[in-house]
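For reference, the structure is listed below as structure tokens.
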Amino acid sequence: MPARLLDGVAVGQAIRASMRPEVEAFTREAGRPPGIALVLVGNDGGSELYVGSKMKSAGESGIRADLERLPATASIDDLLRLVDRLNRSDVHDGILVQSPLPKEMGADAERRVFDAIDPAKDVDGFHPTNVGRLVQGRASLVACTPSGIIEMLDRSNIEIAGTRAVVIGRSDIVGKPMALLLLNRHATVTVCHSRTKDLPAVAREADILVAALGRPGFVTKDFVKPGATVIDVGTTPVSDRAVIERLFAPGHRRLAAFEKRGSLVLGDVHPEVEEVAGALTPVPGGVGPLTIAMLLKNTVRAAQDRLRARG
Ligand code: NAP
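With our numbering, letter number 231 in the sequence shown gets 382, and the count goes up by one each step, no holes.
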């Protein structure tokens, strides 16, 4: 039986709908809506698109969103000064600095900027204070993609406690916080990476398998225990016809989209996994829409926490 497809668009909408009363209550109490500042440096096409959809979703959810732009020639000090101003802003509860930053800013620019954001406004959940709280199981602001996956599992009635979970990928943004969230929810968690030996055998032990590598179609049937829940985080744009034709059998629905657009965004999970998994997040329409929903949820949470802290 083919896997149940977990619909991230519907779950994302449900998360946003559930926030509406909280946004209204906050706006009444504070005399202003929750606010987020989105910082965009330069004019990378992909980043423009991401920031645009975050602004749109915020507006639709009753959240104030302000775009703060810096030119591609801005220095790291210019950016740190902007972050400092936003840290002191009364109307911004959240600050998001869109990655990637221009290479000219230096290899450690992202780390320096994320470290400079007030942890109370760190709606991306990347600040070491918030990561530390996550380790201790008492985080308020957690990285959006992994926390969205937990929401997706909960809202799809997929049990986490007591299961074996395997996370492939150990990035600070996805893999590590994902593993911690699953552990905090009482799964028995294994984290895999590029040095893991016999990866398919390790992955096959999972009741919940999270693939966050950025390698299209890497996770094949051999990695999946029949009936397992498979979460595909990967989003890699591919325009190479040979790769597309290797992954999708003739007649597959995604081939028509490729013919139309000349490229596809591919997940890390091979299409054949649909035949063995119990439940599966599609790409697109799986994990992606949850990330923005959780960013808005974090903004509302930050706004509430800041209001409470003021007494
Ligand atoms: P990343 O920082 O590049 O990390 C990739 C991880 O995968 C690393 O830990 C790496 O291991 C591991 N890996 C790479 N090749 C491997 C292999 N052959 N076997 C086992 N492990 C391997 O990537 P990321 O930021 O976590 O993102 C992962 C994917 O998720 C990307 O496609 C990204 O675009 C996507 N993403 C999607 C969303 C969304 O909203 N849908 C959000 C964030 C990211 P090492 O540590 O050993 O190098």
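Glycine included, each C-beta is placed from N, C-alpha and C at the ideal position.
Asked                                                                                                                                                               : Found
Any heavy atom of the ligand NAP closer than 7 Å to the Cβ of H344?                                                                                                 : yes
Quick check on the DSSP output: the alpha helix (DSSP H) that includes E410 runs from which residue to which?                                                       : 404-412
Return the residue from the list R167, E423, R392, D383 that minimises the CA-CA distance to T432.                                                                  : D383
Along the beta strand (DSSP E) that carries D456, what are the first and last residues, could you check?                                                            : Unbroken run through D456 is the alpha helix (DSSP H), 439-461; no beta strand (DSSP E).
With a threshold of 16 other CB atoms inside 10 Å of the CB of H344, please say whether the residue is buried or exposed.                                           : exposed
Closest to A460 by C-alpha separation, out of A271, L218, A154, would be which residue?                                                                             : A271
Please confirm whether R457 and D244 have their CB atoms less than 8 Å apart.                                                                                       : yes
For I324, is the beta carbon positioned less than 7 Å from some heavy atom of the ligand NAP?                                                                       : yes
Which word fits L298, buried or exposed, when buried means at least 16 other C-beta atoms lie within 10 angstroms of its C-beta?                                    : What sits at residue 298 in the sequence shown is Ser, not Leu. Label assigned to S298: buried.
Return helix, strand or coil for I301, following the three-state DSSP convention.                                                                                   : helix
Considering only heavy atoms of the ligand NAP, does any lie closer than 7 Å to the CB of R321?                                                                     : yes
Just the Cα atoms here: how many angstroms apart are K205 and V375?                                                                                                 : 34 Å
Nearer than 7 Å: is that true of the beta carbon of A363 relative to any heavy atom of the ligand NAP?                                                              : yes
With respect to the alpha helix (DSSP H) encompassing R346, which residues constitute its N-terminal and C-terminal limits?                                         : It is not in any alpha helix (DSSP H) - R346 carries neither H nor E in the DSSP assignment.
When every heavy atom of the ligand NAP is checked, does at least one fall within less than 7 Å of the C-beta of G203?                                              : no
Are the Cβ atoms of Q249 and Y201 separated by less than 8 Å?                                                                                                       : yes
Which residues in the same chain as V361 place their Cβ atom closer than 6 Å to its Cβ, once the five residues preceding and following it in sequence are excluded? : V318, M329, I382
Let's see if you can read the secondary structure: which residues bound the alpha helix (DSSP H) around D383?                                                       : That residue, D383, is in no alpha helix (DSSP H); its beta strand (DSSP E) goes 380-383.
Is M130 buried or exposed, if buried means 16 or more other CB atoms sit within 10 Å of its CB?                                                                     : With the chain covering 152 to 462 only, the question about residue 130 has no answer from this structure.
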